[in-house]
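Asks: Okay, handing you the structure first.
There are 2 protein chains.
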Amino acid sequence: MTSAVLKSPAEAPPKRSFRAQMHLAREDAIVSAVNRLLAEKGFEAMTVDEVAAEVGIAKASLYKHFPSKEDLAAAAMVRVMDRARAFLDSLQSGNANARPIDQLRAVARWTLEVQLAGEMPSLPSENSSLRASLTTNKAYVDGLMDVSDRLGAWITAAQADGSLNNSLPPIAVLYTLYARACDPVLGFLKSHGQYSSEQIIDMVLSTCFEGLQAR
Amino acid sequence: MTSAVLKSPAEAPPKRSFRAQMHLAREDAIVSAVNRLLAEKGFEAMTVDEVAAEVGIAKASLYKHFPSKEDLAAAAMVRVMDRARAFLDSLQSGNANARPIDQLRAVARWTLEVQLAGEMPSLPSENSSLRASLTTNKAYVDGLMDVSDRLGAWITAAQADGSLNNSLPPIAVLYTLYARACDPVLGFLKSHGQYSSEQIIDMVLSTCFEGLQAR
DNA sequence: GTCTATAAATGGATAGAC
DNA sequence: GTCTATCCATTTATAGAC
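As structure tokens, this is what we get:
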């Protein structure tokens with residue numbers, strides 16, 4: 054409480070770090086709330102008031118951290134992208150000699166798990182103000198390109214080893230995987246009530262990789 | 054111009070019909086505009102002002118035809134459902150002895166064509182005000198159930214004849230087909246620029262029915 | 001940085017003349 | 001039924017005290 058204690062030599066560095074950590078923790082709480090609301094109702098339907106209420110701070114405080122609603126949403130998108138990159142890291146270090154097709158399947162499974170957990174922001178519609186904001190956000194664009202490059206390497210490798218349909222352009226495969234991360238089928242089946250999360254994920258993974266037709 | 058001419062016995066019935074037709078034509082123009090805007094930006098981002106501007110009438114006039122924005126959107130959803138039912142009619146009368154799996158494929162192709170034409174309204178997010186409005190709209194619910202029943206019959210038939218993966222619950226197949234009708238992959242590939250509409254449809258149909266994995 | 005209070009703009013819906 | 005003009009709630013964003 055007293056400045057003598059707080060400014061003691063041993064505590065001085067932790068004190069700056071503590072404040073910075075509080076700041077980051079607050080921003081992380083904000084981004085988490087935004088992320089959840091984006092997943093639940095999308096960018097247009099989400100209001101800044103809701104975000105402030107969920108975090109438990111005043112709206113004006115939000116604007117001290119992020120200058121606009123678009124930046125708020127962009128921060129959530131960047132964080133999801135970072136989570137994806139971290140997962141790709143773990144895949145590459147943990148199963149370096151796994152088949153490329155299995156790595157792709159693991160990535161798809163991960164995105165479905167994130168979506169079922171209510172943590173996958175829905176895609177901004179093509180002419181959203183968010184879309185324009187994202188394309189000028191270096192952190193987001195860089196993250197997206199990194200993810201695309203790493204998935205792209207697996208896609209071409211899987212096509213080379215004959216496990217992935219090589220009559221499909223790699224870009225079509227990539228976009229298909231991205232789209233599956235927001236597949237409304239998960240929500241349909243969840244609200245249908247009859248299947249567990251594991252069953253839902255297995256079914257969607259099956260239709261994605263093996264298709265609807267019998268083999 | 055004179056009432057004597059307009060009220061002549063020969064013209065009296067056409068006159069009422071003419072007015073009714075004008076009314077229906079106006080409403081059809083409204084629904085078309087709504088349909089296009091729903092496809093382009095979704096329910097939340099679409100404004101009633103935009104609809105009025107696109108139709109070329111005042112906003113207040115819109116509200117003489119439809120009592121709320123939700124009813125406006127519901128009318129567009131009902132019309133899409135009616136178009137789908139008409140297409141199912143044509144399929145059943147024209148190819149009565151086609152394989153069920155091919156009928157399902159034809160339906161999927163049709164939905165992709167509608168989407169690429171910019172005429173497929175995007176799904177309302179789960180907790181949208183539109184969703185609540187639709188569930189109490191008899192015309193919509195009846196149409197949806199009719200479509201689901203007819204697709205369901207083909208699905209179980211295709212599973213029985215061994216052409217459709219019978220380890221998938223029919224409801225999962227049905228939802229997968231519905232979701233493909235709004236698949237963002239089409240938009241991705243379209244904006245990518247390198248493929249024609251026909252190529253895009255063939256690729257998405259292939260991933261939907263044959264899957265990503267090589268056969 | 002957090003708050004309360006408010007500005008500024010938008011959007012859904014309606015009043016009332018014609 | 002169509003229009004202009006307006007209401008009113010909501011929403012993004014900011015001012016200014018502490």
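Residue numbers (my numbering), protein chains in the order written: chain A, 54 to 268; chain B, 54 to 268.
Even for Gly, the Cβ is constructed at its ideal location relative to N, Cα and C.
(1) What are the boundary residues of the alpha helix (DSSP H) that residue 261/A is part of?
(2) If I measure Cβ to Cβ from residue 226/B and keep anything under 6 Å in the same chain, skipping five residues before and after, which residues do I get?
(3) With 16 as the cutoff for other CB atoms within 10 Å, does residue 191/A come out buried or exposed?
(4) Tell me the residue span of the alpha helix (DSSP H) that contains residue 241/B.
(5) Taking contact to mean 3 or more Cβ pairs, one atom from each stretch, closer than 8 Å, check whether the segment 174-190 of chain A and the segment 120-136 of chain A are in contact.
(6) Does the Cβ-Cβ distance between residue 174/B and residue 139/B come in under 8 Å?
(7) Tell me which same chain residues have a C-beta within less than 8 Å of the C-beta of residue 200/A, skipping the five on either side of it?
(8) Report, in whole angstroms, the separation of the C-beta atoms of residue 221/A and residue 260/B, which I expect to be a contact under 8 Å.
(9) Do you know how far the Cα of residue 215/B is from the Cα of residue 267/B?
(10) If you compare alpha carbons, which of 250/B, 219/B and 176/B is closest to residue 241/A?
(11) Below 8 Å on C-beta distance, what does residue 154/B contact in chain A?
(12) Can you tell me whether residue 90/A is buried or exposed, with buried defined as 16 or more other CB within 10 angstroms of its CB?
(13) Apart from the five residues just before and just after residue 80/B, which ones in its own chain have a Cβ nearer than 7 Å to its Cβ?
(14) For residue 276/A versus residue 154/A, is the C-beta distance shorter than 8 Å?
(15) In the segment 89-109 of chain A, which residues sit with their C-beta less than 9 Å from some C-beta in chain B, listed in chain order?
(16) List the residues of chain B whose Cβ lies closer than 8 Å to the Cβ of residue 256/A, in chain order.
(17) Where residue 256/A and residue 206/B are concerned, what is the direct C-alpha to C-alpha distance, given to the nearest angstrom?
(18) Beta-carbon separation of residue 112/B and residue 101/B under 8 Å?
(19) My understanding is that residue 228/A touches residue 238/B, with C-beta atoms under 8 Å, so please give their C-beta distance in whole angstroms.
(20) Looking only at its chain, what residues have a beta carbon closer than 6 Å to the beta carbon of residue 235/A, apart from the 5 residues adjacent to it on each side?
(21) What residues of chain B sit near residue 116/A, judged by a beta carbon separation below 8 Å?
(22) Could you tell me the boundaries of the alpha helix (DSSP H) in which residue 215/B lies?
(23) Taking 8 Å as the CB-CB limit, is residue 82/B close to chain A?
(24) Can you tell me which of 263/A, 97/A, 106/A and 72/A puts its alpha carbon nearest to the alpha carbon of residue 19/A?
(25) On the DSSP bridge list, what partners appear for residue 266/B?
(26) Going by CA-CA distance only, name the one from 264/B, 171/B, 262/B and 224/B that's closest to residue 198/B.
(27) Mind checking residue 178/B: buried by the 16 CB within 10 Å criterion, or exposed?
(28) Let me confirm a value: residue 56/B is counted as buried when at least 16 other C-beta atoms fall within 10 Å, else exposed. Which label applies?
(29) Below 7 Å CB to CB, which residues in the same chain sit around residue 159/B once its five sequence neighbours on both sides are set aside?
(30) Fully enclosed by the segment 131-218 of chain A, which alpha helix (DSSP H) runs are 4 residues long or longer?
(31) Output needed for residue 45/B: all residues of its chain with C-beta closer than 6 Å, excluding positions within five of it in sequence on either side, in chain order.
(32) Rank 92/A, 70/A, 245/A and 251/A by C-alpha distance to the C-alpha of residue 162/A and give the top, closest one.
Replies: Well, looking at it:
(1) 250-262
(2) 208
(3) exposed
(4) 237-245
(5) yes
(6) no
(7) 134, 137, 138 and 141
(8) 7 Å
(9) 19 Å
(10) 176/B
(11) 266
(12) buried
(13) 118
(14) Beyond the ends of chain A as shown, which are 54 and 268, falls residue 276/A; an answer cannot be given.
(15) 93, 94, 95, 96, 97 and 98
(16) 221, 222 and 225
(17) 20 Å
(18) yes
(19) 5 Å
(20) 175 and 176
(21) None at all; the shortest Cβ gap to chain B is about 22 Å.
(22) Unbroken run through residue 215/B: none, as it is neither H nor E.
(23) no
(24) Past the edges of chain A, shown from 54 to 268, lies residue 19/A, and the structure says nothing about it.
(25) 217/A
(26) 224/B
(27) buried
(28) Low confidence applies to residue 56/B: its pLDDT is 47, below 50, so where it sits in the model is not reliable enough to give any reading.
(29) 144
(30) 153-169, 182-188 and 191-213
(31) The structure shown does not extend to residue 45/B, since chain B is modelled only from 54 to 268, so the question has no answer here.
(32) 251/A
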